[in-house]
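Each remark here refers to the structure printed beneath this line.
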Ligand SMILES: [Mg+2]
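In the numbering used here, the protein residues as written are 1 to 419.
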């Protein structure tokens, strides 16, 4: 089903859902788009669907300590309850956010019963010391570090993997693409590099960079984008799926022009064509193109995600599991997107970020065709039982309790506290 057929189908499906729920016609958003999506009220209800399964947690789980640790280029957040349960997360390697963690987040959580994490605490944290004035990537990343560690702890306490804790695992393997982060290459060098990534990882899909990255339409080097798009398909063949990411390069008109080239090579999606907060231009591109447009990695507002979903500002939403504040907030977006029939393909940051993606992908209905893998599975593979696997273009979802790290003490052995 192509994008436009899909839209017609979704328009009918949304209409049927509205009739079933008895929603008044007047509550629908005027989309000015090719199909009517769910109403704001329906999206709010979807976002409010409970996510964390608290069964088996019959006694309070009171936070006793939260520590930021450092070792071998990684930062960890370690949480411990008064009863001695523990959980661990890996940060997205943003040490400059540490003061936010220390001053604005840790004091809030100490002494709190984290069974109320989803129902009360995340919103109270937002209000605590006017943290809402700090909202954005720096605040939400530090919140995500703590949230991941708490979910790890609750999973360990109940014997559930993160996916099981958050609604139930529906897939145990995830198809991935491997991304090139380069723009310093010629098209020929880049395609050669993509081939090396495919050989190294066994990926069946790759992503390359378009344009110049937040560059007001300037290409990384003259003619690179057009030549790379054509050459990639020609050299890599039809068996490899291709993704293009413009990282906020274009105004709508040049973005549509580049998008048409991606359509010609039958690319999977076109990511972040316009400056990330330029929702109007992004929607123009989404409306004009047949290829799905994806975006949202820098987005930090649930209401703006709601707008994008209600108005089909993008075809695929991409909250970043760290930048957007963690699993619970990201799943709220996925639940809204699901109501509109849109996939949620999360963005990931930090070396360990793909592990959280795997858990998110294990329990989310529509994650799109491929998820991002940034390589270096070797660094973490043996921490897990069973060990993580990568084969035939798929990554295995960790199966152990919580995030799946077998032994926290082993992983943080020798780590020093960050003051
Ligand atoms: Mg991107």
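C-beta: ideal position from N, C-alpha, C; glycine also.
Could you check the C-alpha separation between residue 298 and residue 324 for me, to the nearest Å? Translated into the one-based positions of the chain shown, residue 298 becomes position 298. Translated into the one-based positions of the chain shown, residue 324 becomes position 324. Rounded to the nearest angstrom, the two C-alpha atoms are 8 angstroms apart.
What did DSSP end up calling residue 181 once you bin it into helix, strand or coil? Position 181 of the chain shown, counting from 1, holds the residue named residue 181. Coil, per DSSP.
With distances taken from CA atoms, which of 212, 138, 151 and 127 is nearest residue 63? Looking up residue 63 in the chain shown gives position 63. With distances taken between Cα atoms, residue 63 lies closest to 151.
Assigned secondary structure, residue 335 (DSSP; H/G/I helix, E/B strand, else coil): Walking along the chain shown from the start, residue 335 turns up at place 335. In the structure shown, residue 335 falls within a helical segment according to DSSP collapsed to helix, strand and coil.
Please report the straight-line C-alpha distance between residue 68 and residue 95, rounded to a whole angstrom. Taking the chain shown and counting its residues from 1, the one referred to as residue 68 is at position 68. Taking the chain shown and counting its residues from 1, the one referred to as residue 95 is at position 95. One C-alpha to the other measures close to 10 angstroms.
What three-state label does DSSP hand residue 271 in the structure shown? For the purposes of this step, residue 271 is taken as the residue at position 271 of the chain shown. Here residue 271 sits in strand by DSSP.
Closest residue to residue 363 among 349, 390, 398 and 380 (Cα-Cα distance): To locate residue 363, count along the chain shown from 1; it is residue 363. Of the candidates 349, 390, 398 and 380, the one whose C-alpha sits nearest the C-alpha of residue 363 is 398.
With DSSP run on the structure shown, which of helix, strand or coil describes residue 417? Taking the chain shown and counting its residues from 1, one reaches residue 417 at position 417. Residue 417: strand per DSSP, three-state reduction.
Completely contained beta strand (DSSP E) runs for the stretch 79 to 162, where each covers 3 or more residues: Qualifying beta strand (DSSP E) stretches, in chain order: 86 to 90.
Measure the CB-CB distance between residue 126 and residue 372 and report whether it falls below 8 angstroms. What you label residue 126 is simply residue 126 of the chain shown in a count that begins at 1. What you label residue 372 is simply residue 372 of the chain shown in a count that begins at 1. It is not a contact, given that the beta carbons lie outside the stated cut-off.
Should residue 173 and residue 394 be called a contact, given that it needs their Cβ atoms to be closer than 8 angstroms? Along the chain shown, read from residue 1 onward, the residue named residue 173 stands at position 173. Along the chain shown, read from residue 1 onward, the residue named residue 394 stands at position 394. Yes, Cβ-Cβ distance for residue 173 and residue 394 is below 8 angstroms.
Which of the three DSSP states, helix, strand or coil, is assigned to residue 65? Within the chain shown, residue 65 is the residue found at index 65, counting from 1. The three-state reading of DSSP puts residue 65 in strand, counting E and B together.
Within 10 angstroms of its Cβ, does residue 203 collect 16 or more other Cβ (buried), or is it exposed? Walking along the chain shown from the start, residue 203 turns up at place 203. Buried, since its Cβ has 16 or more Cβ neighbours within 10 Å.
So, is residue 110 buried or exposed, given that buried needs 16 or more other C-beta atoms within 10 angstroms? As a working note, residue 110 is residue 110 in the chain shown. Classification for residue 110: exposed.
So if DSSP puts residue 395 in a beta bridge, which residue, or which two residues, is it bridged to? Here residue 395 corresponds to residue number 395 of the chain shown, with the count starting at 1. Here residue 395 is bridged, per DSSP, to 174 and 390.
Throw me the rounded Cβ distance for the residue 228 and residue 190 pair, which I believe falls under 8 angstroms. Within the chain shown, residue 228 is the residue found at index 228, counting from 1. Within the chain shown, residue 190 is the residue found at index 190, counting from 1. Right, their Cβ atoms sit about 6 angstroms apart.
Ligand 1 and residue 315: does any heavy atom of the ligand fall closer than 7 angstroms to the residue's C-beta? For this step, residue 315 is matched to residue 315 along the chain shown. Flag unset: Cβ of residue 315 not near ligand 1.
Quick check: residue 210 and residue 258, are their CB atoms within less than 8 angstroms of each other? Here residue 210 is taken as the residue at index 210 of the chain shown, counted from 1. Here residue 258 is taken as the residue at index 258 of the chain shown, counted from 1. Yes, Cβ-Cβ distance for residue 210 and residue 258 is below 8 angstroms.
Per DSSP, what are the beta-bridge partners of residue 373 in this structure? The count along the chain shown starts at 1 and reaches residue 373 at position 373. Answer by DSSP bridge pairing, in chain order: 178.
Throw me the rounded Cβ distance for the residue 344 and residue 367 pair, which I believe falls under 8 angstroms. Counted from its first residue, the chain shown places residue 344 at position 344. Counted from its first residue, the chain shown places residue 367 at position 367. Between residue 344 and residue 367, the beta carbon gap of about 6 angstroms places them in contact (Cβ cut-off 8 angstroms).
When the distance is taken between beta carbons, is residue 349 closer than 8 angstroms to residue 71? In the chain shown, residue 71 corresponds to position 71, counting from 1. In the chain shown, residue 349 corresponds to position 349, counting from 1. Contact: no.
Taking 7 angstroms as the cut-off, does the CB of residue 245 come closer than this to any heavy atom belonging to ligand 1? As a position in the chain shown, residue 245 is number 245, starting the count at 1. Yes, Cβ of residue 245 sits closer than 7 angstroms to a heavy atom of ligand 1.
Whole-angstrom distance between residue 270 and residue 32, CA atom to CA atom: On the chain shown, residue 32 is found 32 positions in, with the first residue counted as 1. On the chain shown, residue 270 is found 270 positions in, with the first residue counted as 1. Residue placement at residue 32 is poorly supported in this model, since its pLDDT is 44, which falls under 50; the coordinates are not used for a value here.
Do you know offhand how far residue 232's Cα is from residue 208's? Within the chain shown, numbered from 1, the residue matching residue 232 stands at position 232. Within the chain shown, numbered from 1, the residue matching residue 208 stands at position 208. Between residue 232 and residue 208, the C-alpha separation is close to 9 angstroms.
Could you pull the start and end residues of the alpha helix (DSSP H) that residue 207 belongs to? Within the chain shown, residue 207 is the residue found at index 207, counting from 1. Counting along the chain, residue 207 sits inside no alpha helix (DSSP H); it lies in the beta strand (DSSP E) bounded by residues 205 to 209.
Can you tell me the Cα-Cα spacing of residue 39 and residue 310, whole angstroms? Sequence index remark: in the chain shown, residue 39 carries index 39 (1-based). Sequence index remark: in the chain shown, residue 310 carries index 310 (1-based). Each residue's Cα considered, the two are about 7 angstroms apart.
Please state the DSSP three-state secondary structure of residue 322. Position 322 of the chain shown, counted from the start, is the residue given in the question as residue 322. Three-state result, residue 322: coil.
How far does the beta strand (DSSP E) with residue 244 in it reach, from first residue to last? For the purposes of this step, residue 244 is taken as residue 244 along the chain shown, with counting starting at 1. Residues 241 to 245.
Looking at residue 273 and residue 255, is the spacing between their C-beta atoms short of 8 angstroms? Here residue 255 refers to the residue found at position 255 of the chain shown. Here residue 273 refers to the residue found at position 273 of the chain shown. In this structure, residue 255 places its C-beta atom within 8 angstroms of the C-beta atom of residue 273.
Relative to the C-alpha of residue 245, which residue among 239, 300 and 296 is closest? Reading the chain shown from its first residue, position 245 is the one you call residue 245. The residue from 239, 300 and 296 with its alpha-carbon nearest to that of residue 245 is 296.
Separation of residue 148 from residue 54, as counted between CA atoms: Residue numbering aside, residue 54 sits at position 54 when the chain shown is read from its first letter. Residue numbering aside, residue 148 sits at position 148 when the chain shown is read from its first letter. So the alpha carbons of these two residues sit roughly 16 angstroms apart.
Could you name the residues of the same chain whose beta carbon sits closer than 7 angstroms to that of residue 219, not counting the 5 residues immediately before and after it, in chain order? By 1-based counting over the chain shown, the position of residue 219 is 219. The answer, listed in chain order, is 211, 212 and 225.
Use the C-beta contact count for residue 247: other C-beta atoms within 10 angstroms, 16 or more gives buried, fewer gives exposed. Position 247 of the chain shown, counting from 1, holds the residue named residue 247. With 16 or more other CB atoms across the displayed protein chains lying within 10 angstroms of its CB, residue 247 is buried.
For residue 405, name the three-state secondary structure that DSSP assigns. On the chain shown, residue 405 is found 405 positions in, with the first residue counted as 1. Residue 405: strand per DSSP, three-state reduction.
Out of 139, 78, 51 and 74, point me to the one whose CA is closest to residue 301's CA. Position 301 of the chain shown holds residue 301. Of 139, 78, 51 and 74, the residue nearest in Cα terms is 139.
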